[in-house]
Every structure is written in structure tokens, then in C-alpha cells.
Amino acid sequence: MNFTKKSLLDAQELLALVIADRNLLSGLDRSIATMVKALNLDRKIFACGNGGSMCDSLHFTQELTGRYRKDRPPIAAVNMGEAGHISCVGNDYGFEFIFSRQLEALGKEGDVLLAISTSGNSPNVVSAAEKAKELKITSVGLLGKDGGKLKDLVDIPIIVPHRITDRIQEIHIKLIHIFIEGIERNLYPQNYS
0 MNFTKKSLLD AQELLALVIA DRNLLSGLDR SIATMVKALN LDRKIFACGN GGSMCDSLHF
60 TQELTGRYRK DRPPIAAVNM GEAGHISCVG NDYGFEFIFS RQLEALGKEG DVLLAISTSG
120 NSPNVVSAAE KAKELKITSV GLLGKDGGKL KDLVDIPIIV PHRITDRIQE IHIKLIHIFI
180 EGIERNLYPQ NYS
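The sequence shown begins at 0 in numbering that gives the first Met the number 0 and counts up one residue at a time.
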């Protein structure tokens, strides 16, 4: 079989597993409700990740502060990936603290953290989740493999049941779009009538 077709079939198979996973679907619904509640209380959503997960974090927050499908007011979301901050904190304190320091500076009780890690073990994302717990910031984990350390640390773990990073990330971006649409459907239902 041609590898391109096999790649698409592999993705289809994983998507079918995700659709059948009641815990994952429940986690999605709980995450959206948590994010909407925070936004209704004039709080923010923070997001972080490394590499491709950083790009997904940025994509998520830009769709909220910009627009998704239709015009609407910007939604309060912060991607914790600004290069100056990362190099400053990485140099002065260590790469492990690049997200937790920013969350400590800008976050407050009632905010939400979207922590993205395909392994669930990224030390700087783990540190951010620990800081979120300390600050009473609800954390949602977009994870993969077995969920890693973050599975038991975040308030709502959403684990994509696969071992290959790119397959996990393909599902993560779909779940991110579901988050955005769910937030919009709650805050701006007129955009979906």
C-alpha cells in the first residue's frame, strides 16, 4: 500500500478510537465548560507546550484573540511562548521554569491553563501545571501516550491513545478546534445559528 494512503488510514483509525473514548469526550465537554466559566468571570486562558505543541498552543490562543469562523470580540487568551521571556527565564532560572514564571506573573485564581505535551512529561509544562495548582488555576492537559506525569497533575487530563508524536499532534489540533468552537458556541451563539 502507498505510504500516503496508509498514513491517512492510520489517522482515521486513531480518530475512530478517540470518538469511541467516553472519558476523552467527557474531558472535552468538561474542559469547554471550565474555559467558558472562566471567561464569563473575566478570567483568561493560558496555554503552553514545546516544539509542535508550542505551535498548537499559539494556534489556540491566536484563534481566540483573533477570530475563528466569524467576527466577534477577542477572547482573553495568552500563549506562553514569547521569545524574550523564554530566553530571559531560561538563562536566569532554567528552561524548566519558562512557563511557571509567566503564569505566576500574570495568572490568578479562576484562570485556566491548557498544558500541551504529547509525552505528558515535559519538565517545563509539568512545572506550569504545578504552579497552576498552587495558584488555584484549573488545568487541562492535552496529552498522549500514557499521559505521563501530567495525567495525575492536571485537573482534566485528555489523553490521545497513541505512542507516535505526530499522530497525537494531529488529534490535538482537532481537539483544539473543538475547544474554540465550544467556547464560541457558548459565548457567541449567534455565530452558529
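Cβ atoms here follow ideal geometry from the backbone N, Cα and C, with glycine treated the same way. Since the structure is predicted, the reported quantities are computational estimates derived from the model, not experimental observations.
Can you tell me whether residue i is buried or exposed? The criterion is at least 16 other CB atoms within 10 Å of its CB, across all chains shown.
i	result
N49	buried
K144	buried
G146	buried
P72	exposed
S86	exposed
F96	buried
R166	buried
E12	exposed
D151	exposed
M34	buried
D91	exposed
L105	exposed
Which residues share a DSSP beta bridge with residue i?
i	result
I155	V139
V77	F45
L112	F45 and S138
Quick test of your reading: residue i and residue j, contact by CB under 8 Å. State the CB separation rounded to the nearest angstrom.
i	j	result
G140	R42	Actually they do not touch by this definition, with Cβ atoms about 19 Å apart.
M248	Q61	It is not possible to answer for residue 248, since the shown part of the chain is limited to 0 through 192.
N120	K148	5 Å
P160	L16	6 Å
F45	V88	That belief does not hold up - the Cβ atoms of F45 and V88 are roughly 15 Å apart, past 8 Å.
I98	C47	The residue asked about is misnamed: residue 98 is Phe in this sequence, not Ile. The pair is a contact, with the Cβ atoms about 4 Å apart (cut-off 8 Å).
Y67	E183	6 Å
field: Runs of beta strand (DSSP E) wholly within the region 21-72 (minimum 3 residues, chain order)
entry: 44-47
query: Taking three-plus beta-carbon pairs below 8 Å as touching, is the region 27-38 in contact with the region 178-187?
result: yes
message: In chain order, what are the residue ranges of uninterrupted alpha helix (DSSP H) at least 4 long that sit wholly in the region 77-104?
response: 82-91
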